[in-house]
Amino acid sequence: MDGRASTGIAGFDEMSKGGFPQNSVNFLTGDAGSGKTLFAMQFAVEGGRRGETTVYLTVNDMAESDTLVRVAEQYDIPLDEAVEKGLVNLYDYDALKDRTGQGLVDFDDLTRSIDTLLAPTDADRLIIDSVAGLGIAEDSINDVRRSMLRFIRRLRENDMTALLVTEMWDDRLTRYGVEEHVGDSLVVLGFEQKENQMDRSIHIRKMRFTDHDTSFRPIEITDEGMVVHNEGQVF
Ligand SMILES: Nc1ncnc2c1ncn2[C@@H]1O[C@H](COP(=O)(O)OP(=O)(O)OP(=O)(O)O)[C@@H](O)[C@H]1O
Ligand SMILES: [Mg+2]
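In structure tokens, the structure reads:
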């Protein structure tokens, strides 16, 4: 395991000793509005700043990747520049279907189409926001786990760092409860009520191949994006 994929979120890079280990498969989870898309967007733009190429696949209810450009416009995050330079390549469901000639519905479809998606850009980074819907058609959690594993194995054949967004579900950290087992890392964005306001936090639940901070650190969302106060304590 060589090198790090910096996230561009300074405090988080410190927590993880430089960012995600390169060529790893990482999950990011959190409740609605916890900042998952913002984190992913900053990760993509930071790649571009370092001359690395990102494929960013939007697979959620918003579905259209131009929504992401609209989201970025609220912040001083130059996503549009990175897109213009071809450093960040945005795809949504429909774009991917056009490209692969098949409807994308689950992890196995994605496993089959990943080469088509990645090859033209020789991507260094892959983001999928989110994978939470890709297992819902499976009959059992074991089937989800198997198809997710097949997908992750396929990702590992490429030289790139993947960031897969999932979501909290019921009392679980992740949508299927298996992401934290099959991935190399799980980063958790907390968004909880404290008295009359919502408090944001981040912690690294797991990260293979590296030492890392295990504390819950406060985060703030500002016009510059996500800021991690990695000297602060939440508990
Ligand atoms: N300019 C801003 N300054 C401060 N906070 C902001 C600003 N713009 C957005 N926010 C907050 O940041 C949150 C961004 O969340 P983001 O969309 O990244 O969350 P998410 O976890 O991806 O949510 P979802 O579950 O809907 O996908 C918004 O819900 C809002 O509360
Ligand atoms: Mg989101």
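Under our numbering, residue 1119 is the last one in the sequence shown; the count climbs by one each step, no gaps. Cβ atoms here follow ideal geometry from the backbone N, Cα and C, with glycine treated the same way. All of these numbers come straight from a predicted model, not from anything done at the bench.
By DSSP, does His1065 sit in helix, in strand, or in coil?
DSSP places His1065 in helix when its eight states are reduced to three.
Please report the straight-line C-alpha distance between Met885 and Asn1080, rounded to a whole angstrom.
Residue placement at Met885 cannot be trusted, given a pLDDT of 48 that sits under 50; what the coordinates show is reported in the next sentence. When rounded, the distance between both Cα atoms is 44 Å.
Is Thr1050 helix, strand or coil by DSSP?
Coil.
Regarding Thr913 and ligand 2, is the C-beta to nearest heavy atom distance less than 7 Å?
For ligand 2, not one heavy atom lies less than 7 Å from the Cβ of Thr913.
Taking DSSP as the reference, what is the three-state secondary structure of Met925?
Helix at Met925.
For the beta strand (DSSP E) containing Arg1084, list its first residue and its last residue.
First-last of the beta strand (DSSP E) with Arg1084: 1081-1091.
Name the DSSP beta bridge partners of Glu1076, please?
Its beta-bridge partners are Asp1083.
With a threshold of 7 Å (Cβ to nearest heavy atom), would Asp1013 be considered close to ligand 2?
Answer for Asp1013: yes, Cβ within range of ligand 2.
Determine the DSSP secondary structure at Arg1009, reduced to helix, strand or coil.
Reduced to three states, the DSSP call for Arg1009 is strand.
In the DSSP assignment, find the beta strand (DSSP E) that holds Met1032 and state where it starts and stops.
No beta strand (DSSP E) contains Met1032, which is instead part of the alpha helix (DSSP H) from 1025-1040.
With C-beta atoms as the reference, is Arg1040 less than 8 Å away from Val909?
Going by C-beta atoms, Arg1040 is nearer than 8 Å to Val909.
Look at the Cβ atom of Phe927, then the Cβ atom of Arg1009, and state whether they are nearer than 8 Å.
Contact: yes.
Count the other CB atoms, across all protein chains shown, that sit within 10 Å of the CB of Gln1026; report buried if there are 16 or more and exposed otherwise.
In the sequence as presented, Gln is not what sits at residue 1026; that position holds Asn. Answer is exposed; the Cβ neighbour count stays below 16.
Confirm, please, whether the CB-CB distance from Thr995 to Thr984 is below 8 Å.
Going by C-beta atoms, Thr984 is not nearer than 8 Å to Thr995.
Whole angstroms is fine: what's the gap from Val1118's alpha carbon to Thr913's?
Their Cα atoms are separated by approximately 18 Å.
Relative to the alpha-carbon of Asp993, which residue among Val1028, Ala966, Glu968 has its alpha-carbon at the smallest distance?
Comparing Cα-Cα distances from Asp993 to each of Val1028, Ala966, Glu968, the minimum goes to Val1028.
What span of residues does the alpha helix (DSSP H) with Phe911 cover, start to end?
Here Phe911 belongs to no alpha helix (DSSP H); instead the beta strand (DSSP E) covers 909-914.
Please report the Cβ distance between Leu980 and Leu941, rounded to the nearest whole angstrom; I am assuming they are in contact, meaning their Cβ atoms lie under 8 Å.
So it is a contact: roughly 7 Å between Cβ atoms.
So does the stretch 1065-1082 actually touch the stretch 953-970, counting three or more Cβ pairs closer than 8 Å?
Because the criterion of three Cβ pairs below 8 Å is not met, the stretch 1065-1082 and the stretch 953-970 do not touch.
Measuring only from the beta carbon, is Thr1156 closer than 7 Å to any heavy atom that is part of ligand 2?
No information on residue 1156 is available, as it lies outside the stretch 885 to 1119 that the chain covers here.
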